[in-house]
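Trainee: So the sequence lines, in the order shown, correspond to chains A and B.
The letter at position 113 of the first sequence is residue 127 when you use this note's numbering, and the numbering goes up by one with no holes.
The letter at position 185 of the second sequence is residue 199 when you use this note's numbering, and the numbering goes up by one with no holes.
We put the CB at the ideal spot given by N, CA and C, even for glycine.
Got a structure for you, written out below as structure tokens; questions coming shortly.
There are 2 protein chains.
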Amino acid sequence: MDGLATLPRLETVLERLEGSAALEDMQDIIVGLRDAFGVDHMVYHWVNGNGDQYGCGTYAPEWVERYLEQGYLRIDPVVLGCFQRFHPVDWKRLDWSSKAARAFQKEAMDYGLGNQGYSIPIRGPNGQFALFTVNHRCDDPDWATFCATKRRDLILVAHYFNQKALEFEPGRIPEQGQALSPREVEAITLLAVGYSRAQAAGELSISEHTLRVYIESARFKLGALNTTHAVARALSRGLIVV
Amino acid sequence: MDGLATLPRLETVLERLEGSAALEDMQDIIVGLRDAFGVDHMVYHWVNGNGDQYGCGTYAPEWVERYLEQGYLRIDPVVLGCFQRFHPVDWKRLDWSSKAARAFQKEAMDYGLGNQGYSIPIRGPNGQFALFTVNHRCDDPDWATFCATKRRDLILVAHYFNQKALEFEPGRIPEQGQALSPREVEAITLLAVGYSRAQAAGELSISEHTLRVYIESARFKLGALNTTHAVARALSRGLIVV
DNA sequence: TTTCAACTCCCCAGAAACAGCGAGGGGAGA
DNA sequence: TCTCCCCTCGCTGTTTCTGGGGAGTTGAAA
Numbered sequence: 015m016d017g018l019a020t021l022p023r024l025e026t027v028l029e030r031l032e033g034s035a036a037l038e039d040m041q042d043i044i045v046g047l048r049d050a051f052g053v054d055h056m057v058y059h060w061v062n063g064n065g066d067q068y069g070c071g072t073y074a075p076e077w078v079e080r081y082l083e084q085g086y087l088r089i090d091p092v093v094l095g096c097f098q099r100f101h102p103v104d105w106k107r108l109d110w111s112s113k114a115a116r117a118f119q120k121e122a123m124d125y126g127l128g129n130q131g132y133s134i135p136i137r138g139p140n141g142q143f144a145l146f147t148v149n150h151r152c153d154d155p156d157w158a159t160f161c162a163t164k165r166r167d168l169i170l171v172a173h174y175f176n177q178k179a180l181e182f183e184p185g186r187i188p189e190q191g192q193a194l195s196p197r198e199v200e201a202i203t204l205l206a207v208g209y210s211r212a213q214a215a216g217e218l219s220i221s222e223h224t225l226r227v228y229i230e231s232a233r234f235k236l237g238a239l240n241t242t243h244a245v246a247r248a249l250s251r252g253l254i255v256v
Numbered sequence: 015m016d017g018l019a020t021l022p023r024l025e026t027v028l029e030r031l032e033g034s035a036a037l038e039d040m041q042d043i044i045v046g047l048r049d050a051f052g053v054d055h056m057v058y059h060w061v062n063g064n065g066d067q068y069g070c071g072t073y074a075p076e077w078v079e080r081y082l083e084q085g086y087l088r089i090d091p092v093v094l095g096c097f098q099r100f101h102p103v104d105w106k107r108l109d110w111s112s113k114a115a116r117a118f119q120k121e122a123m124d125y126g127l128g129n130q131g132y133s134i135p136i137r138g139p140n141g142q143f144a145l146f147t148v149n150h151r152c153d154d155p156d157w158a159t160f161c162a163t164k165r166r167d168l169i170l171v172a173h174y175f176n177q178k179a180l181e182f183e184p185g186r187i188p189e190q191g192q193a194l195s196p197r198e199v200e201a202i203t204l205l206a207v208g209y210s211r212a213q214a215a216g217e218l219s220i221s222e223h224t225l226r227v228y229i230e231s232a233r234f235k236l237g238a239l240n241t242t243h244a245v246a247r248a249l250s251r252g253l254i255v256v
């Protein structure tokens, strides 16, 4: 935790981030950041609505591979917890009570992760979601000190890192050319809050058939296989809010 | 734009933000921030999916009233533009081409807004969306200098301001009932990605009826009226990740 | 040990959603 | 002007989902 002394000025870090020119640089940069902050691990983990993931960081490749293979995304308390939170969170404040979570934590530590963690959720339009995580092995007081002193720097670094990562991933930015029309949004929203088609049609004062046209149109635009899928995608992409 | 000299240390500003105790303080703080940054206006504008809005800032009350009355939220190029963006944006880079946008801009300036603006989008779970905006009247070079030098401070201030505003927001009740069982999570997740019940049952290697029991159980736990509603609620509450 | 929640399986009838065909009016932008 | 998208409405048949029953095993917590 003595990395604080050797941490380059934040300006320098951010400028290097802004000046980097290729996706491969991101891995180098995050290693540099990890060393600069003097922690065991630093990770950037991006998730989109389709379940695609991208990440770079300093976790052991074996752990990353296992994480992906086992679909740990769906049980990872860090992801699940941050997904519902607005702000950066210390891992200690997450919910580790379930058996699956404890097993996950134990396995992660077997692969070299530390006992402390701090994750910053980052969001974009259309449900874009990413995590910037710092992981370390140390006792609680040291960790609390680190978080308190480095919180602001980490927020800025996470922000800039995400910005840079997005520049190299044009395909990651969802095809937003298919925005839903206002009526489609209303229709999908009503279904998402539990209305049946007939009820939704009544609420919008249109025929049920017309409502159905909106649903079908929205389904097509969202590339959804059925109505439930369409509602889920609209929610994931932030096109509707319930 | 000479406010830069009088700007208190960022630490001081953030600490005052963290220490504020009541929603009414927010208005005082943002006025102080406006003066500290030496700009004409500074505004925090929070929007949720239901069309509810909350804001504080230094725009003329007449303008705010008119904005709300006319439902300008739906045509405001700043809101529309930032909603689709990941990162802070200069108003010059927004799309002002439509007739409605130009009329809106002209009217805003009649109410005392400056010609320059810089807005920072802020997002939370469940589509929470807020804007932190700086507005000023000056020429382009001065504005560019201001943005370049103050960008990082503004990002942090926006972040902390949003965090504080959310503490006072009663509408953001956690409302997490009982958690779903692992099987229920799997079932709901598969439906959310477009599987039919039969497909989902096949994927989980269980009978369709068993799958149905999970769906019904999840529906009950989530207080949902139908399957689509259950999927929407599970997504909104971050119980599943799609 | 008992209890309880989770997991697994089966039947049936009615309600709802799906998929495909069609049509016309209106407004904004090229 | 003309095109394209949005909004509105109708019909028919097939597939799927919903909601009401009941019943057995397992494992973990009380």
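1) Specify the secondary structure class of residue 189 of chain A as computed by DSSP and reduced to three states.
2) Rounding to the nearest angstrom, what Cα-Cα distance links residue 238 of chain B and residue 215 of chain A in this structure?
3) Can you give me the Cβ contacts of residue 206 of chain B inside the same chain, cut-off strictly under 8 Å, excluding the 5 residues immediately before and after it?
4) What residues from the region 195 to 211 of chain B come within 9 Å of chain A, judged by C-beta to C-beta, listed N to C?
5) So what does residue 132 of chain B bridge to, in DSSP terms?
6) Closest to residue 106 of chain B by C-alpha separation, out of B:33, B:142, B:149, B:194, would be which residue?
7) From residue 74 of chain A to residue 42 of chain A, what does the alpha carbon distance come to, in whole angstroms?
8) Whole angstroms is fine: what's the gap from residue 285 of chain A's alpha carbon to residue 217 of chain A's?
9) Determine contact between the region 90 to 104 of chain B and the region 53 to 63 of chain A, defined as no fewer than three beta-carbon pairs at a distance below 8 Å.
10) Would DSSP call residue 182 of chain B helix, strand or coil?
11) Any beta carbon from chain A within less than 8 Å of residue 85 of chain B's own beta carbon?
12) Give a yes or no on contact between the region 143 to 157 of chain A and the region 48 to 61 of chain A, applying the rule of three or more CB pairs nearer than 8 Å.
13) Does residue 255 of chain B have its Cβ less than 8 Å from a Cβ in chain A?
14) Please list, in chain order, the residues of the region 123 to 139 of chain B that have any C-beta partner in chain A closer than 9 Å.
15) From which residue to which residue does the beta strand (DSSP E) around residue 216 of chain B run?
16) If we count Cβ pairs, one from each stretch, closer than 8 Å, do we get three or more for the region 165 to 174 of chain B versus the region 80 to 99 of chain B?
17) Can you pull out the residues from the region 96 to 117 of chain B whose beta carbon lies closer than 8 Å to at least one beta carbon of chain A?
18) Under the assumption that residue 194 of chain A contacts residue 235 of chain A (Cβ atoms under 8 Å), give the Cβ distance between them as a whole number of angstroms.
19) Helix, strand or coil: which one does DSSP assign to residue 61 of chain B?
20) What is the rounded straight-line gap between the Cα of residue 19 of chain A and the Cα of residue 114 of chain A?
21) Select from A:139, A:142, A:167, A:128 the residue whose C-alpha is nearest the C-alpha of residue 153 of chain A.
22) Is residue 93 of chain A close to chain B? Criterion is C-beta to C-beta, closer than 8 Å.
23) In chain B, what lies closer than 8 Å to residue 240 of chain A by C-beta?
24) Quick check: the Cα distance between residue 71 of chain B and residue 136 of chain A, rounded to an integer number of angstroms?
25) For a cutoff of 8 Å on Cβ pairs, would you count residue 59 of chain A as touching chain B?
26) Where does residue 177 of chain A sit, in a helix, a strand or coil, going by DSSP?
Mentor: With the structure as the only source:
1) At residue 189 of chain A the pLDDT is 49, less than 50, meaning the model places this residue with poor confidence and gives no usable figure here.
2) 19 Å
3) 245, 248, 249, 254, 256
4) Listed by position along the chain: 196, 199, 200, 203, 205, 206, 207, 208, 209, 210.
5) B:104, B:148
6) B:149
7) 15 Å
8) Beyond the ends of chain A as shown, which are 15 and 256, falls residue 285 of chain A; an answer cannot be given.
9) no
10) coil
11) Taking 8 Å as the CB threshold, residue 85 of chain B stays off the interface with chain A.
12) yes
13) yes
14) 135, 136, 137, 138, 139
15) Premise fails: residue 216 of chain B lies in the alpha helix (DSSP H), 211 to 218, not in any beta strand (DSSP E).
16) no
17) Residues of the region 96 to 117 of chain B whose Cβ lies closer than 8 Å to any Cβ of chain A, in chain order: 97, 98, 99, 100, 101.
18) Confirmed, Cβ separation roughly 6 Å.
19) It is a strand residue.
20) Only weak support exists for where residue 19 of chain A lies, its pLDDT of 41 falling under 50; the value from the coordinates is given anyway. Taking the straight line joining both Cα atoms gives about 38 Å.
21) A:128
22) yes
23) Correct list: 208, 210.
24) 25 Å
25) At a cut-off of 8 Å between beta carbons, residue 59 of chain A makes no contact with chain B.
26) helix
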